[in-house]
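Step one of this worksheet: look at the structure below.
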Amino acid sequence: MVQEWFDEHNNQFEVLTWPPNSPDLNPIQHLWDVLNKQLRSMEAPPRNLQDLKDLLLTSWCQIPQHTFWDLVEYMPRHKVQRYLLNHPELSVGRRVLDLGCGCGASAIAAKLSGAPHVVANDIDPIAAVATKMNCELNGLEPLPCVTQNLIGSEPEKWDLILLGDMFYDETLTDSLHKWLYKCVNLHRTQILIGDPGRAQFESHDIKTLLYEQARFELPDSVREENYGLTSSTVWWYRPDY
Ligand SMILES: C[S@@+](CC[C@H](N)C(=O)[O-])C[C@H]1O[C@@H](n2cnc3c(N)ncnc32)[C@H](O)[C@@H]1O
Numbered sequence: 001m002v003q004e005w006f007d008e009h010n011n012q013f014e015v016l017t018w019p020p021n022s023p024d025l026n027p028i029q030h031l032w033d034v035l036n037k038q039l040r041s042m043e044a045p046p047r048n049l050q051d052l053k054d055l056l057l058t059s060w061c062q063i064p065q066h067t068f069w070d071l072v073e074y075m076p077r078h079k080v081q082r083y084l085l086n087h088p089e090l091s092v093g094r095r096v097l098d099l100g101c102g103c104g105a106s107a108i109a110a111k112l113s114g115a116p117h118v119v120a121n122d123i124d125p126i127a128a129v130a131t132k133m134n135c136e137l138n139g140l141e142p143l144p145c146v147t148q149n150l151i152g153s154e155p156e157k158w159d160l161i162l163l164g165d166m167f168y169d170e171t172l173t174d175s176l177h178k179w180l181y182k183c184v185n186l187h188r189t190q191i192l193i194g195d196p197g198r199a200q201f202e203s204h205d206i207k208t209l210l211y212e213q214a215r216f217e218l219p220d221s222v223r224e225e226n227y228g229l230t231s232s233t234v235w236w237y238r239p240d241y
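Okay, so the sequence shown: first residue is 1 according to the UniProt record's numbering, each after it adds one.
Spelled out as structure tokens, the structure:
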């Protein structure tokens, strides 16, 4: 299906030969993990390649259907988009940037909630393709997608910046913190952050400037796949408070 879509739109994109590294754009990575765990838990390990192939096929067929669906439904696990849909007043009439947009779920939620100007940004070009495809699936004109790194650049005047699961790396968290501070200071931009409680985020100074807006519990199968993360929180970053 994806290949057909690429073929139909081949004049609009350069299709890369490598898959995206982000698990949020590629749920199959989580399924490899499920398969890997099943194989490792077997009492008798495979003795040869044919054995391995047979075991993989049997294990694949034993993965319950709901595991596939839970992974697809909960790909954007931070729930910023659910929060936006619940609070359209955050989007109506506003200029919105979804930074590190991944599949574009937050940008799309802002647009569907009434934001007249929404830009999706991600340094992974596959994210731009995924966002365009998701706009199409949601009956929207493709949103503008920017693939340059905006962190550290002179901030534009955004009313709202959305960040979903962007604090997974300490260096990235440091540079984001500096840049977001500048956005608030220069333009009074409102910043909403969704995070499933990653260690790099929980232990960072930025946490002292965040105010909880909503918390969403993750379903069991998603918890299992996310190494003990149990819920996802939407925060308002307020260094001016
Ligand atoms: C964990 S994913 C989150 C995706 C999406 N926000 C979501 O929650 O579904 C992190 C995303 O940030 C993107 N990213 C990493 N560094 C970035 C940067 N400097 N500027 C923009 N996007 C970046 C990655 O390519 C990836 O798509």
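The C-beta atom is built at its ideal place from N, Cα and C for all residues, glycine as well.
Collapsed DSSP secondary structure at residue i in the structure displayed
i, result
"residue 235", "strand"
"residue 44", "coil"
"residue 51", "helix"
"residue 181", "helix"
"residue 96", "strand"
"residue 252", "Any property of residue 252 remains undetermined from this structure, which presents the chain solely from 1 to 241."
"residue 68", "helix"
"residue 240", "coil"
"residue 7", "helix"
"residue 174", "helix"
"residue 205", "helix"
"residue 21", "Because residue 21 carries a pLDDT of 48, less than 50, the predicted location of this residue cannot be relied on, and the following value inherits that uncertainty. Of the three classes helix, strand and coil, the one that applies to residue 21 here is coil, per DSSP."
"residue 12", "coil"
"residue 153", "coil"
"residue 168", "coil"
"residue 134", "helix"
"residue 141", "coil"
"residue 108", "helix"
"residue 61", "helix"
"residue 37", "helix"
Minimum C-alpha distance to residue i - residue among the options
i, options, result
"residue 97", "206, 234, 160 and 190", "160"
"residue 178", "195, 203 and 152", "152"
"residue 207", "183, 233 and 186", "233"
"residue 63", "49, 147, 36 and 105", "36"
"residue 67", "54, 214, 48 and 31", "31"
"residue 166", "79, 59, 47 and 218", "79"
"residue 10", "156, 129 and 42", "129"
"residue 99", "146, 55 and 111", "146"
Environment of residue i [buried if 16+ CB atoms lie within 10 Å]
i, result
"residue 137", "exposed"
"residue 241", "exposed"
"residue 196", "buried"
"residue 3", "exposed"
"residue 45", "exposed"
"residue 60", "exposed"
"residue 42", "exposed"
"residue 92", "exposed"
is_contact[residue i, chain B] using C-beta, thresh 7 Å
i, result
"residue 105", "Going by chain labels, chain B is absent from the structure shown, which holds only one protein chain."
Residue j beta carbon less than 7 Å from that of residue i
i, j, result
"residue 107", "residue 101", "yes"
"residue 88", "residue 113", "yes"
"residue 188", "residue 211", "no"
"residue 173", "residue 200", "yes"
"residue 162", "residue 192", "yes"
"residue 123", "residue 149", "yes"
"residue 115", "residue 131", "no"
"residue 134", "residue 183", "no"
"residue 5", "residue 95", "no"
"residue 198", "residue 168", "yes"
"residue 155", "residue 186", "yes"
Residue(s) in a DSSP beta bridge with residue i
i, result
"residue 117", "95"
"residue 146", "121"
"residue 190", "160"
"residue 214", "234"
"residue 195", "233"
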